[in-house]
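**Student:** Below you will find the structure I want to go over with you.
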């Protein structure tokens, strides 16, 4: 989107032309291409047409496994593509462990964190049978041990003078990991995954904004 807009355009046009439920599942079943431009076009199509625009992977194979979302693929016009490219030109996108990325944060920086929400546990050091699979969007799951490590990293950010804010579930097992942070608790509504839109039902979700203190 940033560096290869002219190569990306015909691929998006091809997805737009062939878009259908059957085509979605055909594309989803294919191996991810090695070419970065083809990979980007495939991702934009699958994510744009999948249920709830969700990207989730099989825990064994790593293949995308979200059902069709009963929607048409929306074209990304040239003006929008250029605008997105201009924004991306001012950003560095890094796919790495959070510890690697946050290690470079220095005093005066601001960090926003949105880790996968874990099932509710009675104690942060004991993992029980999950009540919700919010941590399993990719082949590698985000476990309680990862959240504990993230909390320790956040404490280190505060010691270095880095301001940070995190979104997470409002649960004692989460709150107890951030004793020195300000925690704003609230309730929102989330739609649970379903096979068709008619089955979607919004449920109350207790959540929290965790604000680090410097």
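Numbering (this note's numbering), first residue to last: 9 to 222.
Just so it is clear, CB atoms sit at the ideal spot from N, CA and C, and this is done for glycine as well.
Just to confirm my understanding: we take residue 137, look at its own chain, exclude 5 residues before and 5 after, and list those with CB closer than 6 Å. What are they?
**Tutor:** For residue 137, the predicted model reports a pLDDT of 43, less than 50, meaning its position is unreliable; a value from the coordinates is still stated below. No residues qualify anywhere along the chain.
**Student:** What is the C-beta distance between residue 212 and residue 197, in whole angstroms, given that I count them as a contact (C-beta under 8 Å)?
**Tutor:** 6 Å
**Student:** Would you list, in sequence order, the uninterrupted beta strand (DSSP E) runs of no fewer than 3 residues that lie entirely inside the segment 147-193?
**Tutor:** Within the segment 147-193, the complete beta strand (DSSP E) runs of at least 3 residues are 171-177.
**Student:** CA-CA distance, residue 169 and residue 195?
**Tutor:** 30 Å
**Student:** Beta-carbon within less than 6 Å of residue 173's beta-carbon, same chain only, minus the 5 sequence neighbours each way: which residues are those?
**Tutor:** 120 and 219
**Student:** Between which residues of its own chain and residue 165 is the CB-CB distance below 7 Å, once the five residues before and five after are set aside?
**Tutor:** 110, 113, 119, 172 and 220
**Student:** Three or more C-beta pairs under 8 Å: does that hold for the segment 37-48 against the segment 79-99?
**Tutor:** No, the segment 37-48 does not touch the segment 79-99.
**Student:** Any chance the segment 88-103 sits against the segment 58-69, with 3 or more Cβ pairs inside 8 Å?
**Tutor:** no
**Student:** What is the DSSP secondary structure of residue 99, reduced to helix, strand or coil?
**Tutor:** Coil, per DSSP.
**Student:** Thinking C-alpha only, which one of 87, 116, 182 and 26 is nearest residue 123?
**Tutor:** 182
**Student:** Determine which residues share a DSSP beta bridge with residue 195 and list them.
**Tutor:** 214
**Student:** Going by C-alpha to C-alpha distance, which of 163, 12 and 152 sits closest to residue 187?
**Tutor:** 163
**Student:** In its own chain, which residues sit with a C-beta less than 8 Å from the C-beta of residue 16, not counting the 5 before and 5 after it?
**Tutor:** 9, 45, 48, 49 and 89
**Student:** Output needed for residue 19: all residues of its chain with C-beta closer than 6 Å, excluding positions within five of it in sequence on either side, in chain order.
**Tutor:** Cβ contact annotation for residue 19 (same chain, cutoff 6 Å, sequence separation greater than five): 49, in chain order.
**Student:** By DSSP, does residue 74 sit in helix, in strand, or in coil?
**Tutor:** coil
**Student:** Hey, how far is the Cα of residue 130 from the Cα of residue 157?
**Tutor:** The pLDDT assigned to residue 130 is 42, lower than 50, so where the model puts this residue is not dependable; a value taken from the coordinates is nonetheless given after this. Straight-line Cα distance between these residues: approximately 18 Å.
**Student:** Under 6 Å Cβ to Cβ from residue 92, same chain only, skipping five residues before and after it: list those, please.
**Tutor:** 9
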